[in-house]
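Below is one structure; the comments refer to it alone.
There are 4 protein chains.
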Amino acid sequence: MPSIKRKIINDPVYGFITINHPLIFDIIAHPCYQRLRRINQMAMAQLVYPGAVHTRLHHSLGAYHLMGQAVTELRAKGTVITEEEEIAVKAAILLHDVGHGPFSHALEHQLVQNVHHEELSLGIMNMMNEDLGGRLTLAIQMFTNEYPKPFLHQLISGQLDMDRMDYLTRDSFFTGVSEGVIGYDRILKMLVVQDDELMVEEKGIYSVEKFLIARRQMYWQVYLHKTVLAGEKMLVKILERVRELYPVMAESLRTYGPLDDFLSNETAAQGVFSMEAFCRIDDNDVMFAVKKWSSHSDKVLRLLSTHLLNRKLLKCHIQAEMVPEELILRERKRVAVDLGITEAESGYFVFSGEATNTTYKLGNEHINIAFKDGKVRQISQVDNPLIHQTLSTPVKKFYFCTMAGTK
Amino acid sequence: MPSIKRKIINDPVYGFITINHPLIFDIIAHPCYQRLRRINQMAMAQLVYPGAVHTRLHHSLGAYHLMGQAVTELRAKGTVITEEEEIAVKAAILLHDVGHGPFSHALEHQLVQNVHHEELSLGIMNMMNEDLGGRLTLAIQMFTNEYPKPFLHQLISGQLDMDRMDYLTRDSFFTGVSEGVIGYDRILKMLVVQDDELMVEEKGIYSVEKFLIARRQMYWQVYLHKTVLAGEKMLVKILERVRELYPVMAESLRTYGPLDDFLSNETAAQGVFSMEAFCRIDDNDVMFAVKKWSSHSDKVLRLLSTHLLNRKLLKCHIQAEMVPEELILRERKRVAVDLGITEAESGYFVFSGEATNTTYKLGNEHINIAFKDGKVRQISQVDNPLIHQTLSTPVKKFYFCTMAGTK
Amino acid sequence: MPSIKRKIINDPVYGFITINHPLIFDIIAHPCYQRLRRINQMAMAQLVYPGAVHTRLHHSLGAYHLMGQAVTELRAKGTVITEEEEIAVKAAILLHDVGHGPFSHALEHQLVQNVHHEELSLGIMNMMNEDLGGRLTLAIQMFTNEYPKPFLHQLISGQLDMDRMDYLTRDSFFTGVSEGVIGYDRILKMLVVQDDELMVEEKGIYSVEKFLIARRQMYWQVYLHKTVLAGEKMLVKILERVRELYPVMAESLRTYGPLDDFLSNETAAQGVFSMEAFCRIDDNDVMFAVKKWSSHSDKVLRLLSTHLLNRKLLKCHIQAEMVPEELILRERKRVAVDLGITEAESGYFVFSGEATNTTYKLGNEHINIAFKDGKVRQISQVDNPLIHQTLSTPVKKFYFCTMAGTK
Amino acid sequence: MPSIKRKIINDPVYGFITINHPLIFDIIAHPCYQRLRRINQMAMAQLVYPGAVHTRLHHSLGAYHLMGQAVTELRAKGTVITEEEEIAVKAAILLHDVGHGPFSHALEHQLVQNVHHEELSLGIMNMMNEDLGGRLTLAIQMFTNEYPKPFLHQLISGQLDMDRMDYLTRDSFFTGVSEGVIGYDRILKMLVVQDDELMVEEKGIYSVEKFLIARRQMYWQVYLHKTVLAGEKMLVKILERVRELYPVMAESLRTYGPLDDFLSNETAAQGVFSMEAFCRIDDNDVMFAVKKWSSHSDKVLRLLSTHLLNRKLLKCHIQAEMVPEELILRERKRVAVDLGITEAESGYFVFSGEATNTTYKLGNEHINIAFKDGKVRQISQVDNPLIHQTLSTPVKKFYFCTMAGTK
């Protein structure tokens, strides 16, 4: 019998995921990685798509699985990837999201301001590297694009990286939104490395077309769905109210848990927190807090929390034009009267902004296409009107949230 | 344009679920129902099957969907079901699990002893009935089998009810365990009502065979998987330790949240809790508590909590025979030494028991088969050796949990 | 037990298809309908997509199934459709393709010139109507759009008819081309009838977008795939060669089967055939003939037949511009030498044309969108750049087939 | 760009199948292999399951795909398989069914008596080996189990070979019978080689259980479905009638195609046919003949052919006991009168026999299980009552076909 330790994990998306290297076992067993089990991949999307409750841990396992397939495909086409590089690039993708905090994107820059989640990922990877005796060093080089073969970094973070391949596929699967199916298996078959850069074979253009369009549909149907947005903005407003109240009523806001270190403006804004403290918080802490605050003495905080908890969400509109200031002011007046709060306070229930999503950012698509004649062209230079249209469509929209009338 | 309010919900399992009746909208909007969003359907199964994070809310929506299909099928075969009955039976299935507490089966009879979750469901349904102006009365009659047409109750709670149809289908889907696919759509097509009793057409015997076998596979591969069991028993042990410590160190155990009402032995054992208090607790409270207790001064509680959190699970064996007492005692001695605790305390890490699952109970299968010749036979009287075998296979097994050696 | 005769048919695409009306049973049992079992839905596409061997019978059963769902949806939204109309519209969709001849589109206008397959369908429906005692009269009125409620005709034949819904879904399923998944279930949920016209609710615009893009992808990846086209054009060329040879060597071309009535130019061109004779031919007759002709004394016929049979297909290019005449002439010279045939004969191996497909025709999209404000707009007037792009993209391309060199 | 020629084929079952070796390309391009494109995998099953029209070519490509996965898995567990062996075992599985004649099992031993299809496969493989310059020699050794590593043969032909894995999976997929899903991916992960023998890891016992039960369900629900059986037996009876008539009316029975060499008793019984002649016949020839014979002067032949063509099938019963002779005789009398034929002739419409299927044979299951303790046990010795039951269930049943009354 073989002595190589192997484990297979059932995944409804890909069937089975195989773990067969000591370093991968050690990463998965690490508490920082296990924490991802308690962070929902899609934040508040489950308020609209009840199946969207999969975790960051599940997503990163999926991306790891695709990385294995990509390595196999590229090798079959003659690209040299050593055994050591394979493990490193798999370790890196497994850890690429390890810096996500509670409710991922929804609360990014809220709990911890001015720090992108990739910086946090790097910080935690460095911390883990000590625990793992330096075995993550190569993975970290690839993650930060300091490794000589750029295509390995591009597989981790680039327009067609395994992160995007998995999250679009997985989010589409768990939401049940078939429009988001990207055809990851075909794209993987079309990847090729030329001059150490990752690109797509010419005959894969239709797959790229499908990928771009599917992603666009996921944006507007799922990630920036007006009701999902409403839920996520309410969570943001709750945190904002807590910060505002904190200087005067810190005690009543405490959860008596690890989140308490992240409630004041000081911690959040200036990043005066330890990596260890950050690794202690997850979705449970935030939900526990929201439940607690749903009976807080401050009316604004109490209402926002109660309504989010019971899915009595703000009404949200998405539109192409900016929301006129006078509409906002008029609504704030109305809501202030309805709720018996000040007009300033009613800004927590009536507000507008740009409907974008920091991570799922569009634009600046650098996908290289390797033509049969040996030339390499940017996707934007390829003769495909649908791709042009998709790439050039303005992605900026505006949202307007308010509270339904009480009549 | 139609004025009937309709909403469709994406479900990765069935495609779309349609909501089109005011009562159903009102049930779903109720805080007691929304609470199910925060209760995982499969408790600790996600420690083995990372996709198994779907919620009780999702399951009950699915069962509601199947109920609609069953009603349509039965009507097409000539069974009379009035509009009013249809809404009531759908309302009942939507609420059949509303009494589940945190971590569902895993903690059943732990937080609230001596009360089955169906009693709690009934209690909450009665409470909701007041809020909804008595519109749940008919549904409650069906739920408690006091309505004159027994088949409507059987669709809610019986060997082939929509609850089982959905949970087996859904759990199989989210775990990725294809062995558990039951073929619900074919079974639904085979249902028929005779003398107001729900039964299966003769030609559906193979579907029943498949259903019974798939269910059996889900039992042993998923619900009673040794590692899932280990995780769930650790959670139980954590609660038991808390109860033991409570009389002397209540303060340090407090979460400052709604779970605090359920920590002492008194509340749990004698059911001295209000329905309102019960409706305030969910998975977040328990996980928040476990995280808190992972730094508690009591070594047993601290270790159990930390290990569960970081998925350092007890080793668990499932076997056909009872576990010999001397093995248990020997292991307890070893573990007491390893951990530096007393032998009594090591009982929290070394223990055995029957591997059964109170809700997913086997045995006593009363499935009626309607033969073409007009006769009705019990499934156990049908000439099908595989079904006999499945029904008669001893389902009692024993588990033995212990801690891995530290060498 | 119910006395209504019901039958369910397994369908890998939709699960189960229910047959529950005497007229539907009688249509399906008719020899003209059973003939569809022997006509491949996708002609030569299986040369590229080996799974694409599903039949016209299967497709029409699928469209019938979707029709049932559409009727249910529309009724739920308040549209009146009587029981009689329901059966008629289902009968019509079941028979919409009954006039397809061998290899469907690939040989359309070849075996029978100047007659569209819908005319043939109508002819056969009239013939069947006599056999069925006039019970198809209403269905025929709907098919020919003479029935007062136009939306019923639009469900049979229109931009969003059940024919398209099924063939795109089914062809995508059996080819395995996931890019062609249209999301038929969501579109069905979005259909609505206003002023007796079929339209799509405003919130279904993304679904229409997806539908149009998926259809476009099926066009270029499947229906007009260069290798599929090569196979289908070779079959056309075989028939053309047979016609050319027929006046002088009819005897050697005979198959001694029903196809013989369709080999001469006279029969084909002037439609001097009986409906009965047409109903006797299917794919088997054509393949039998091709096999026979693969050892014919005429070199051109023999080579074309042998190569098609053994999948030694002509090389085919698809391009945006017309193929220059001199390229064609140069290639014909080369191939004439290579094969030892005349330059005129080499026109059977080297040719070009427009890559279009008579049935799967694009352009002229009249999809009405019903806005929430009560207005109805054409899809082309909706503010969605991707839809505009898809609709306005030139769909005309050119193909060029030739024979690979023998070096 | 890589110079290795690679091609991917869309497969709705597995996604993509990769072809990347010159020998595999050459096998696929061979006319003997392309012939499989014209042989339906499931013969007459499409009369009940309209989707079941996939071909032998598609099945063998699928088995080839699984073989690639099996090789990868076994290598990952330390089993040495050289590059050369890999190509050979893939070539062998690609060709394992190349000897199947028209309508596969349904007509096995009818067109060619006393010769099993595996013998024919071997004959054709030898013929192809000459065309391919001896490059199939190693594959043939594996196919005939003359190669030193028996597990390679077992992957081609054994209880858990890639043939069974694919046909059960594929037949289940195309029929839409979800009961037949075997979970091939999990079984592949559980394969292991010990002492050069193929076996299953202990933890794969549930997968074997599922495999055996799924196969059993496919038997009775699909392969030996009473209506499928009726269709296939009718085809056999047609051939039998042709043989009987042949000596006196050969001319009128001729198809003027390659099937003519196989119509007389002499050719069939004594195997006096050339391999070349055998390779010329496929399903088209048989269907063409049946269509022709549907207007033959012999009433028995005419009726059988017409009825099969139009799906007016004999009524068929499957039962556990032998069919009493007197019932058969009584029915023959009735049918003779009904049809106006002799009682001897009515034997073509009324007959009984054992419902078995030569290829899909059950019994004699030698599946080795490799236990963790190092021991190897036969599956029949494993403590699993469901497997025992499945293995020991009598698989012999009897069928009785007759013609429905004309009243």
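Sequence order for the protein chains is A, B, C and D. Start counting the first sequence at 7; every next residue gets the next number (my numbering). Start counting the second sequence at 7; every next residue gets the next number (my numbering). Start counting the third sequence at 7; every next residue gets the next number (my numbering). Start counting the fourth sequence at 7; every next residue gets the next number (my numbering). C-beta: ideal position from N, C-alpha, C; glycine also. Bear in mind the structure is a predicted one, so any value in this text is a computation, not a measurement.
- In this chain, D/I87 is not harboured by any beta strand (DSSP E), its DSSP state being neither H nor E.
- Comparing alpha carbon positions, the residue from D/I99, D/P156, D/V19 and D/G164 closest to D/I34 is D/I99.
- Taking a contact to require three or more Cβ pairs closer than 8 Å, the segment 233-242 of chain C and the segment 49-66 of chain C qualify as touching.
- The beta carbon of B/H302 sits closer than 8 Å to those of S258, L259, R308 and S311, all from its chain and outside the five residues before and after it, given in chain order.
- The beta carbon of A/I14 falls within 8 Å of a beta carbon belonging to chain D, placing the residue at that interface.
- In terms of Cβ geometry, D/L265 and D/D291 form a close pair [threshold 8 Å].
- Around the C-beta of C/R336, fewer than 16 other C-beta atoms lie within 10 Å, and the residue is accordingly described as exposed.
- A distance below 8 Å separates the beta carbons of C/V118 and C/G107.
- C/A97 is not a Cβ neighbour of C/L197, given a cutoff of 8 Å.
- The C-beta of A/Q387 has fewer than 16 other C-beta atoms within 10 Å across all chains shown, which makes the residue exposed.
- Every alpha helix (DSSP H) stretch that sits fully inside the segment 128-206 of chain B and reaches 4 residues is listed by chain position as 143-149, 156-162, 168-181 and 190-196.
- Taking a Cβ-Cβ threshold of 9 Å, the residues of chain A close to B/G21 are G182 and S184, in chain order.
- Restricting attention to beta strand (DSSP E) runs no shorter than 3 residues, the segment 228-308 of chain B encloses none.
- In this structure, the beta-carbon distance from C/V206 to C/I375 falls below 8 Å.
- Residue burial is scored here from C-beta neighbours: A/E114 has at least 16 other C-beta atoms within 10 angstroms and is therefore classed as buried.
- Not flagged as an interface residue toward chain A: B/G411, since no C-beta distance is shorter than 8 Å.
- The three-state secondary structure of D/D344, taken from DSSP, is helix.
- Shown here, A/I373 sits in coil according to DSSP, grouped into three states, outside any helix or strand.
- Within the same chain, R12 and I14 come within 7 Å of D/T24 by CB-CB distance, once the 5 residues on both sides are set aside.
- Interface annotation, B/D32: not in contact with chain C, CB-CB separation never under 8 Å.
- Taking 8 Å as the cut-off between beta carbons, the residues of the segment 55-68 of chain A near chain B are Y55, P56, G57, V59, H60, T61, L63, H64 and L67, in sequence order.
- The residue among C/A256, C/R340 and C/I188 with its C-alpha nearest the C-alpha of C/I211 is C/I188.
- Across the segment 189-203 of chain C, CB contacts with chain B closer than 8 Å involve D191, R192, K195, V198 and Q200, in sequence order along the chain.
- In its chain, beyond the 5 residues on either side, M168, M171 and D172 have a beta carbon closer than 6 Å to the beta carbon of A/L72.
- Judged by beta-carbon spacing, C/G182 lies beyond the 8 Å limit of C/G21, meaning their Cβ atoms are not closer than that value.
- Rounded to whole angstroms, B/V121 and B/G105 show a C-alpha spacing of 10 Å.
- Rounded to whole angstroms, the Cβ separation of D/K305 and D/I347 is 6 Å, and the two are in contact under 8 Å.
- Taking a 10 Å sphere around the C-beta of A/M328, we find fewer than 16 other C-beta atoms and assign the residue as exposed.
- Cβ contact annotation for D/R81 (same chain, cutoff 8 Å, sequence separation greater than five): I87, in chain order.
- In the same chain as D/D32, and ignoring 5 residues on each side of it, the C-beta atoms closer than 8 Å to its own belong to L138 and R141, in chain order.
- C/D103 is a Cβ neighbour of C/H65, given a cutoff of 8 Å.
- Note on geometry: alpha-carbon atoms of B/Q384 and D/I45 lie some 44 Å from one another.
- The continuous beta strand (DSSP E) containing B/H323 extends over residues K321 to Q325.
- Scanning chain A for C-beta atoms nearer than 8 Å to the C-beta of B/R317 yields A35, Q40 and R43, reported in chain order.
- Closest in C-alpha terms to D/M224, from the list D/H394, D/I193 and D/T362, comes D/T362.
- If the five residues before and after A/K321 are omitted, its C-beta is found closer than 6 Å to the C-beta atoms of T408 and A410, all from its own chain and listed in chain order.
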